[in-house]
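Scroll down for the structure; my scribbles are underneath it.
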Amino acid sequence: MLGEQAGNPDHLNKVAQVTLVFWIIKIAATTLGETGGDALSMTEHLGYAVSSIIFLAFFIISVTAQIRAKSFQPFLYWSVIVATTTAGTTIADFADRSLGIGYVGGSLILFTTLMLVLGLWRFTLGSVSVNYITSPKVEMFYWTTILLSNTLGTALGDFLADSSGLGYERGALVFAGAIVFVAAAYFFSRISRTMLFWVAFILTRPLGATVGDFLTKAHANGGLHLSRIDSSFIIMLFIVACIPLTAQKAGSYVRRR
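In my numbering, the protein residues as written are 874 to 1130.
Right, dumping it as structure tokens:
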């Protein structure tokens, strides 16, 4: 899984370096995806289908700008991440609730699709490593995988928090514990770093989903009943404040051996 992808050996890598700050922003972005997606579909009463169309349009516009960019643009990069989390929220909700597929059915379909995309990426370019996102073709695989990962994570988070009966707090603790386990495997085992990255990437989404629901759901449902719009705005400010911390550590040239 760690083979190198074809492309210019000195091509600019336009994605954020995976550091602790990366994961902090990622979790915040997934939480924003939940509160922001619900704000549009529920608070503003646009529904899951219309909200999904709006967020998918935002994703297409932002990812097109990202792929065309000549260098690493941190605010643009994280805008695309947020676009995938918001779109992932409403798409998963639309499939699970409006289409009646259910959390389990939706999760299985999304997981299968995600594995197919990763397999095609690996077969076509020789690796699914995030260290070599150095061409438009690789970026398209990268962003498609991220969109599917965040949509899958939404379905998993809703399943654990709602269908399993664990609730939002315990659901968040389960996913947080799983992420700690993945981190331990990273530091103390020889398991593929690429595989661990994608596992952690998927798990941060349901963690953010359960945290977002915990913040905004009614007290009767185990939440804090905070405003979705206000919560989204505060989380967005936090992300904006953190983004400059990634700007100087990413966007370096990748030189292949």
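Positions of the beta carbon are idealized from the N, C-alpha and C atoms, including for glycine.
Where residue i falls: helix, strand or coil (DSSP)
{"i": "Gly1085", "result": "helix"}
{"i": "Val990", "result": "helix"}
{"i": "Asn886", "result": "coil"}
{"i": "Ser1105", "result": "helix"}
{"i": "Leu1039", "result": "coil"}
{"i": "Pro1117", "result": "helix"}
{"i": "Arg1063", "result": "coil"}
{"i": "Ser1002", "result": "coil"}
{"i": "Lys1090", "result": "coil"}
{"i": "Thr1007", "result": "coil"}
{"i": "Thr892", "result": "coil"}
{"i": "Ala942", "result": "coil"}
{"i": "Leu1099", "result": "coil"}
{"i": "Glu907", "result": "helix"}
{"i": "Gly973", "result": "coil"}
{"i": "Leu929", "result": "helix"}
Same chain only: Cβ atoms within 8 Å of residue i, ignoring 5 sequence neighbours per side
{"i": "Phe1087", "result": "Tyr1041, Glu1042, Ala1045, Gly1095, Gly1096, Leu1097"}
{"i": "Met915", "result": "Arg1101"}
{"i": "Phe1032", "result": "Tyr976, Val977, Ser980"}
Min CB distance residue i to chain D below 8 Å
{"i": "Tyr921", "result": "Absent here is chain D; the protein component of the structure consists of one chain."}
Presumed contact (8 Å Cβ cut-off) between residue i and residue j, rounded CB distance
{"i": "Thr1017", "j": "Val990", "result": "6 Å"}
{"i": "Val894", "j": "Thr1119", "result": "6 Å"}
{"i": "Val891", "j": "Phe1060", "result": "The Cβ separation is near 14 Å, so there is no contact."}
{"i": "Leu1080", "j": "Ala1049", "result": "6 Å"}
Environment of residue i [buried if 16+ CB atoms lie within 10 Å]
{"i": "Pro1117", "result": "exposed"}
{"i": "Ser1062", "result": "exposed"}
{"i": "Gln878", "result": "Low local confidence applies: a pLDDT of 46 at Gln878 is under 50, so the model's placement there is unreliable, with the coordinate-based value given in what follows. Result: buried."}
{"i": "Pro1009", "result": "exposed"}
{"i": "Thr937", "result": "exposed"}
{"i": "Asp1103", "result": "exposed"}
{"i": "Ala1093", "result": "exposed"}
{"i": "Val1053", "result": "exposed"}
{"i": "Glu1012", "result": "buried"}
{"i": "Leu972", "result": "exposed"}
{"i": "Gly1085", "result": "buried"}
{"i": "Ala1082", "result": "buried"}
{"i": "Asp883", "result": "Bear in mind that the predicted position of Asp883 carries a pLDDT of just 44, short of 50, making it unreliable; the figure below should be weighed with that in mind. Exposed, because fewer than 16 other Cβ atoms sit within 10 Å of the Cβ of Asp883."}
{"i": "Thr948", "result": "Strictly speaking, residue 948 in this sequence is Phe, with Thr absent from that position. Phe948 should be labelled exposed."}
{"i": "Ala1056", "result": "exposed"}
Nonlocal neighbours in the same chain, by C-beta distance under 7 Å from residue i, ignoring five residues either side
{"i": "Val831", "result": "Residue coverage of the chain in this structure runs from 874 to 1130, which leaves residue 831 outside it and unanswerable."}
{"i": "Leu1039", "result": "Leu1033, Val1047"}
{"i": "Ala1058", "result": "Ile1064, Leu1069"}
{"i": "Leu1021", "result": "Leu983, Thr986, Leu987, Val990"}
{"i": "Ala922", "result": "Phe967, Ser971"}
Residues near residue i in its chain [Cβ-Cβ closer than 6 Å; skip 5 each side]
{"i": "Tyr950", "result": "Ala889"}
{"i": "Trp994", "result": "Val1001, Phe1014"}
{"i": "Thr1077", "result": "Lys899, Ile900, Thr903"}
{"i": "Ser959", "result": "The sequence as given places Thr at residue 959; Ser does not occur at that position. Cβ neighbours of Thr959 beyond the five flanking positions: Gly906, Gly909, Gly910, Phe928."}
{"i": "Ile1019", "result": "Thr957"}
Item to complete: Say whether the segment 933-948 touches the segment 996-1005, bearing in mind that this needs 3 or more beta-carbon pairs closer than 8 Å, one atom from each stretch.
Response: Under the 8 Å Cβ criterion, the segment 933-948 does not count as touching the segment 996-1005, having fewer than three qualifying pairs.
Item to complete: Inspect the CB distances between the segment 1106-1115 and the segment 923-941 and report whether three or more fall short of 8 Å.
Response: With fewer than three CB-CB distances shorter than 8 Å, the segment 1106-1115 does not count as touching the segment 923-941.
Item to complete: Kindly confirm or deny that the segment 982-989 and the segment 1025-1032 touch, where touching means at least three C-beta pairs closer than 8 Å.
Response: Yes, the segment 982-989 touches the segment 1025-1032.
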